[in-house]
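First to last, the protein sequences are chains X and P.
So the first sequence is numbered by the numbering used here: it starts at 1276 and just counts up by one.
So the second sequence is numbered by the numbering used here: it starts at 150 and just counts up by one.
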Amino acid sequence: MATTTADIAAVSPVSVPSRRASAGLWSDAWYRLKKDRLTMASIAVLVLLILLSAAAPLFEEHVFKFKFAQQDLLGAYAKPQLEKPEYLLGSDEIGRSQVVRLLYGGQISLLVGFLAAFIQLTIGVSLGLIAGYKRGLVDDAITFFITVLNSIPTLFLLLIITALFSPGPLTLIVILGLIGWTGITLFVRGQTFALREREFVTAARTVGASGSRIMLKHILPNVLPFIFILAAIDVGGIILVESALSYLGIGILPPTPSWGNMLSNAAGYFNLAWWLVVSPGVMIFLTVLCLYLIGDGLRDALDPRLRGAS
Amino acid sequence: MRTYVIRRLLYAIPTLVAIATITFLITRLAPGDPIRLFTFGATDLTREDIEALRAAHGLDKSLPEQFALYIVNAAQLKFGNSILYHKDAMSLVLERLPNTLTLAVTALVLQLVIGVPLGVLAAVNRGKWIDNAVRFFGVIGHAVPAFWFGLMLIIIFSVTLRWLPSQGVLTVGKDVWDIGDRLKHLIMPAFVLALAGIANYSRYLRTETLDVIRQDYIRTAEAKGLASKTVFMVHALRNALIPVVTALGGVLAFLISGALVIEQVFTWPGVGQFTYAAARQKDYPVITAGVMLGGMLLVLSYLIRDIAYAVVDPRIKVK
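Okay, structure coming up:
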């Protein structure tokens, strides 16, 4: 690995007194990130959203005292209100509590977003490293495959797959993960092209390091900061796609609530209860906004040259 | 230039073949027998009838044979008859193409007309409130789920204010050439479809303009004593506009894909909405035709982008 100043500081017996303990890439980035109030706020909101969704069963039992599948036909289309805490955000067409379902929907939407992004990143980064490092025929093959995938409108492709296979939540995560990694691959490939010509890679090769070792131990750590930026944006993008698919009725299928399928449900009777359309959308928007802002903030923190550039 | 265009055209052929292969594989790998589905509920069919149907659709042949036949037919844009409509699938999809194109092109124009000036304005006023507002919008416009934004607009402008129609391309009974009525139907879906692109373009243009005005030749132009307006309009803006063309590929992909959802929200009778309906009914020929048409549109728009790029930035042809 390219020796960073942090490594030197770690082995150096003399500690240099300075305002900051170490000036490694990550601690340096963290130092900058801490000062970026917008990004810190986004992280806080996102963590809050994750915690709220994770704690959905607790809220269900102790705060709202209303099961997420529980119905109350007489209480259908209730307006958002404070008198009945379970109808804090109103109730749907069969009197289910909107707020409890939103919390459970959050579990699904966030889970799909993070897991599918993990699959995308794994595929995208590995293929990008391989294409960029091996070059030649391997690179040509991967690039051609990407050209083809990019030439099918993503939603059309997802549409036929989901419509023909009617997947459950887990299969949907895999499908979303298997599509949409092309941008990550192209980015990592470009970075690898440049990095493989650097002296530390040549040095590693001269001491006899294998191709996979160079890719994983020497090139990957240098691409890693960018991958974190891509990851934040990627999760946001996937949550948007999942919500669109679920809205179309081919993503997460009811009765499992997801923010997308709650919207598709609510869209059917928004002349009766327009507020049901508002809250799931706000949740999606807020989550994705936080993720995008975190992505922007990470980029500024990790690469100060780009600060304020876009 | 001509050789470049021809070479690019030839590159498109393997891509199209590969797209056709992928759609073939997905539809064939899917569980369920199309003939079973086709004849579902028909009790008076004999085994021979089913075999005859199978043969009529070419499903009695081996998979490689089916594939060869499929590719030959696909090259002639034949994807078989729709199971629901008993008409040629591709011509059914093509009937919806003008509507999708109207929507996508209007959205593209809106993106350019609104997004580009916003980005330039932000760059010129760097650090001022207008810059912050544009940057803020640049993130927000990206994070809003487009279909939800569409629903909200329908609630506001159709349900509450009753200003704009919420669905279709034309009021029933109106003259086909009633442009005013068509525009009223078009404005909401087109704007919703354009939103993310407007945000994108304002970001690109801001970055690019800031980048360009730092270049040496801009300083040279200013040193020559040119008016700052001339420097900006003639020297800076022309180069800042290059990413408008570069981004076109992704933008068009987004428009064609995004149109599918937006068409559904506004019941806009386009290719996406039709393919979606077909997918729900498992109308395989129409699904294949719709996906292939989407793919062809994309390949075509990438082609247009690359040619436009070569025109705008002559360095690209060297590669």
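All residues carry an ideal CB built from backbone N, CA and C; glycine is no exception.
Under 9 Å between C-beta atoms of Leu91 of chain P and Val258 of chain P: For chain P, the structure presents residues 150 to 468; residue 91 of chain P sits outside this window and is missing.
Span separating the alpha-carbon of Leu1390 of chain X from that of Pro247 of chain P: 38 Å
For Ile1508 of chain X, the nearest candidate out of X:Gly1407, X:Ile1569, X:Gly1524 (CA to CA): X:Ile1569
Where Asn230 of chain P sits in the DSSP three-state scheme: strand
Residues bridged to Asp237 of chain P [DSSP beta-bridge criterion]: P:Asn230
Proximity test, Cβ basis, 9 Å: Leu1495 of chain X and chain P: no
Whole runs of the alpha helix (DSSP H) within the segment 1472 to 1511 of chain X, excluding any shorter than 4 residues: 1474 to 1481
Stretch pair the segment 162 to 171 of chain P + the segment 1414 to 1426 of chain X: three plus CB contacts closer than 8 Å: yes
For Leu1451 of chain X and Ile1513 of chain X, the rounded distance between their alpha carbons: 8 Å
Interface flag, Asp1571 of chain X vs chain P, CB-CB below 9 Å: yes
Nearest neighbour of Pro338 of chain P, chosen from P:Arg352, P:Ser315, P:Asp330, P:Gly346 [CA to CA]: P:Ser315
Three-state secondary structure (DSSP) of Ser315 of chain P: coil
CB contact check: Ile1504 of chain X to chain P, cutoff 9 Å: no
Residue range of the unbroken alpha helix (DSSP H) whose run includes Trp1534 of chain X: 1534 to 1542
Beta-carbon separation (whole angstroms), Met1381 of chain X vs Leu1327 of chain X, contact threshold 8 Å: According to the sequence provided, residue 1381 of chain X is Gly. The question's Met does not apply to it. Right, their Cβ atoms sit about 7 Å apart.
Sufficient close CB pairs (3 or more, under 8 Å) joining the segment 409 to 421 of chain P to the segment 221 to 234 of chain P: no
Residue span of the alpha helix (DSSP H) that contains Arg429 of chain P, given as start and end: 420 to 429
Segment contact, 8 Å Cβ cut-off, at least three pairs: the segment 1405 to 1414 of chain X with the segment 395 to 403 of chain P: no
Distance between beta carbons of Gly276 of chain P and Ala348 of chain P, contact taken as under 8 Å: Going by Cβ atoms, the distance from Ala348 of chain P to Gly276 of chain P rounds to 20 Å, so no, they are not a contact pair.
CB of Asp455 of chain P within 9 Å of CB of Arg157 of chain P, strictly: yes
Min CB distance Val1552 of chain X to chain P below 9 Å: yes
Any chain X beta carbon closer than 9 Å to His384 of chain P: no
Ser1372 of chain X, DSSP secondary structure in three states: strand
Interface residues of the segment 1397 to 1429 of chain X facing chain P [CB-CB below 9 Å]: Phe1419, Phe1420, Thr1422, Val1423, Leu1424, Asn1425, Ser1426, Ile1427, Pro1428, Thr1429
Opposing strand residues paired with Ser1554 of chain X [DSSP bridges]: DSSP lists no partner for Ser1554 of chain X.
Coil, strand or helix - Ser1366 of chain X by DSSP: strand
Which listed residue (X:Val1387, X:Ala1406, X:Met1315) has its alpha carbon closest to that of Gly1486 of chain X: X:Ala1406
Residue closest to Ile175 of chain P, alpha-carbon to alpha-carbon, out of X:Ser1384, X:Tyr1306, X:Phe1431, X:Pro1496: X:Phe1431
Cα-Cα separation, Phe189 of chain P to Ile199 of chain P: 11 Å
Positions along the segment 1317 to 1332 of chain X whose CB lies within less than 9 Å of some CB in chain P: none
Cutoff 9 Å: Ser1533 of chain X Cβ touching any chain P Cβ: no
Extent of the continuous alpha helix (DSSP H) to which Phe298 of chain P belongs: 295 to 302
Whole-angstrom C-beta distance between Gly398 of chain P and Ile1427 of chain X, which should lie under 8 Å: 14 Å between Cβ atoms; not a contact.
is_contact[Ile1513 of chain X, chain P] using C-beta, thresh 9 Å: no
Chain X contacts made by the segment 332 to 354 of chain P, where a contact means CB separation under 8 Å: Arg352, Tyr353
Sub-9 Å separation of Pro1532 of chain X and Ile1325 of chain X beta-carbons: no
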